[in-house]
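**Student:** Residues 48 to 279 (this note's numbering) are what the sequence shown spells out, left to right.
By construction, the Cβ of each residue, glycine as well, lies at the ideal position given by its N, Cα and C atoms.
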Amino acid sequence: MPKPYYYLGLMLFTVSYPLAQSFEHRIQYHKQWYALFPAILAMALVFIVWDHLFTEMGIWGFNPRYILGIYFLSLPIEEWAFFLIVPFACIFIYEVLNYFVKKDILKSISLPLLFLLIGMCLIVGVAHLDKWYTGVSFIFTAVVLAIHLLLFRNKYFGRFFLSYLVTLIPFMLVNGILTGSWIDESIVWYNNEENLSIRIGTVPIEDSVYNLGMLLMVQTIYEKIRESKTIH
């Protein structure tokens, strides 16, 4: 594959299976799109602004060798696609697990886990306010966790967290490539003065927290819309 298509190709590969299986007769993922796409849009309105500001501040950026060179708000078109494709694929995993794993196996620990994660994210975020990526990602995720707790207590969190753990496998593969694993250079680079410089392979530890906040924001809005439809 020519290098300018690497990021785009990675996104298309990520969405290919969930999209192909969206009309599968058991999961019927397409029937949830009425809730999914508004949830993704609401998340994207926040995260694209965040992404734009951090790009302008030099906290992260994009290698021109691996993108098409089409930009909106300082962000390559592939990055815009990221905010549609990644949550689309991850909520698909959430729905697949809900279908095949009937029992909420993390239910008994989901409430203390919520409190633990909120506390840990706040402590790390506040302790590292001098590092933009660390401080913002941890504190933002703590806020999303707290809002989820207020809205649902632990009604959905056990199932969400199970799906989050499962998504870490493809997440590490995709983000590994984006951050330079298995290719000559990284597609997305980071200013290490603005993060903890702790990496899992080539992936900054903050990425996993950023991903948690992003996906939980989508899932929270997604379930709220579905509940509203059920009530009416």
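Can you give me the C-alpha to C-alpha distance between Lys178 and Val265, rounded to a whole angstrom?
**Tutor:** Reading the sequence shown from its first residue, position 131 is the one you call residue 178. Reading the sequence shown from its first residue, position 218 is the one you call residue 265. Cα to Cα, the separation comes out at about 26 Å.
**Student:** Could you tell me the distance, in whole angstroms, from the CA atom of Tyr269 to the CA atom of Phe84?
**Tutor:** Position 222 of the sequence shown, counting from 1, holds the residue named residue 269. Position 37 of the sequence shown, counting from 1, holds the residue named residue 84. Their backbone Cα atoms lie some 8 Å apart in a straight line.
**Student:** In the DSSP assignment, find the unbroken alpha helix (DSSP H) run with Phe70 in it and report its ends.
**Tutor:** The count along the sequence shown starts at 1 and reaches residue 70 at position 23. No alpha helix (DSSP H) contains Phe70, which DSSP labels as neither H nor E.
**Student:** In the DSSP output, which residue or residues are listed as bridge partners for Ile247?
**Tutor:** Locating residue 247 in the sequence shown gives position 200, counting from the first residue. Answer is Val250.
**Student:** How many Å lie between Asn238 and Leu169 at the Cα?
**Tutor:** In the sequence shown, residue 238 corresponds to position 191, counting from 1. In the sequence shown, residue 169 corresponds to position 122, counting from 1. Straight-line Cα distance between these residues: approximately 22 Å.
**Student:** What distance in whole Å lies between the Cβ atoms of Asn258 and Thr181, which are believed to be in contact at a cut-off of 8 Å?
**Tutor:** Mapped onto the sequence shown, residue 181 falls at position 134. Mapped onto the sequence shown, residue 258 falls at position 211. Wrong, their Cβ atoms sit about 15 Å apart, outside the cutoff.
**Student:** Shortest alpha-carbon distance to Asp151 belongs to which of Ala189, Ile186, Phe208?
**Tutor:** Reading the sequence shown from its first residue, position 104 is the one you call residue 151. Checked all of Ala189, Ile186, Phe208; the closest Cα to Asp151 is Phe208.
**Student:** Starting from the C-beta of Leu120, find all residues in its chain whose C-beta is less than 6 Å away, skip the five residues before and the five after it, and write them out in chain order.
**Tutor:** If you number the sequence shown from 1, residue 120 lands on position 73. Only His99 meet the Cβ criterion.
**Student:** If I measure Cβ to Cβ from Ala89 and keep anything under 6 Å in the same chain, skipping five residues before and after, which residues do I get?
**Tutor:** The residue labelled residue 89 in the question sits at position 42 within the sequence shown. Correct list, in chain order: Ile268.
**Student:** With H, G and I counted as helix, E and B as strand and the rest as coil, what does DSSP make of Pro49?
**Tutor:** Position 2 of the sequence shown, counted from the start, is the residue given in the question as residue 49. Note: Pro49 maps to coil in three-state DSSP.
**Student:** In whole angstroms, give me the CA-to-CA distance for Ala193 and Lys154.
**Tutor:** Counting from one through the sequence shown, the residue named residue 193 turns up at place 146. Counting from one through the sequence shown, the residue named residue 154 turns up at place 107. Distance between the alpha carbons of Ala193 and Lys154: 17 Å.
**Student:** Using the C-alpha atoms, what's the distance from Ser233 back to Ile106?
**Tutor:** Working through the sequence shown from its first residue, we reach residue 106 at position 59. Working through the sequence shown from its first residue, we reach residue 233 at position 186. For Ile106 and Ser233, the distance between alpha carbons rounds to 15 Å.
**Student:** Does DSSP classify Tyr64 as helix, strand or coil?
**Tutor:** Translated into the one-based positions of the sequence shown, residue 64 becomes position 17. Helix.
**Student:** Along the chain, where does the beta strand (DSSP E) containing Gly205 start, and where does it finish?
**Tutor:** Your numbering for residue 205 matches position 158 in the sequence shown. Run containing Gly205: none in the beta strand (DSSP E); it sits in the alpha helix (DSSP H), 204-225.
**Student:** Would DSSP call Trp107 helix, strand or coil?
**Tutor:** Within the sequence shown, the letter at position 60 stands for residue 107. In this structure, Trp107 counts as strand in the three-state DSSP scheme.
**Student:** Where does the unbroken beta strand (DSSP E) through Val190 begin, and where does it stop?
**Tutor:** Along the sequence shown, one-based indexing puts residue 190 at 143. Counting along the chain, Val190 falls outside any beta strand (DSSP E), though it belongs to the alpha helix (DSSP H) covering 179-199.
**Student:** Taking only the alpha-carbon atoms, compute the straight-line gap between Pro111 and Cys137 and give it to the nearest angstrom.
**Tutor:** Residue mapping note: residue 111 aligns to position 64 of the sequence shown, counting from 1. Residue mapping note: residue 137 aligns to position 90 of the sequence shown, counting from 1. Taking the straight line joining both Cα atoms gives about 27 Å.
**Student:** As an exercise, report each continuous beta strand (DSSP E) stretch of at least 3 residues that is fully enclosed by the stretch 107-147, in chain order.
**Tutor:** As far as the stretch 107-147 is concerned, its whole beta strand (DSSP E) runs of at least 3 residues are 107-109.
**Student:** Which of helix, strand or coil does DSSP assign to Arg236?
**Tutor:** Along the sequence shown, one-based indexing puts residue 236 at 189. Sequence inspection shows Trp at residue 236; the Arg mentioned does not correspond to that position. Trp236 falls in the strand class under three-state DSSP.
**Student:** Hey, would you say Ile132 sits closer than 8 Å to Val62, going by beta carbons?
**Tutor:** Reading the sequence shown from its first residue, position 85 is the one you call residue 132. Reading the sequence shown from its first residue, position 15 is the one you call residue 62. Taking 8 Å as the Cβ cut-off, Ile132 and Val62 qualify as a contacting pair.
**Student:** Lys154 lies in the alpha helix (DSSP H); which residues open and close that run?
**Tutor:** Along the sequence shown, one-based indexing puts residue 154 at 107. Counting along the chain, the alpha helix (DSSP H) containing Lys154 begins and ends at 154-174.
**Student:** Confirm, please, whether the CB-CB distance from Ile165 to Ala128 is below 8 Å.
**Tutor:** On the sequence shown, position 81 is the one that residue 128 refers to. On the sequence shown, position 118 is the one that residue 165 refers to. The answer is no: Cβ separation not under 8 Å.
**Student:** Could you round the C-beta distance between Gly223 and Val256 to whole angstroms and report it? I think they count as a contact, below 8 Å.
**Tutor:** Along the sequence shown, one-based indexing puts residue 223 at 176. Along the sequence shown, one-based indexing puts residue 256 at 209. Not really, about 17 Å apart at Cβ, beyond 8 Å.
**Student:** Helix, strand or coil for Asn242, going by three-state DSSP, please let me know.
**Tutor:** In the sequence shown, residue 242 corresponds to position 195, counting from 1. Here Asn242 sits in coil by DSSP.
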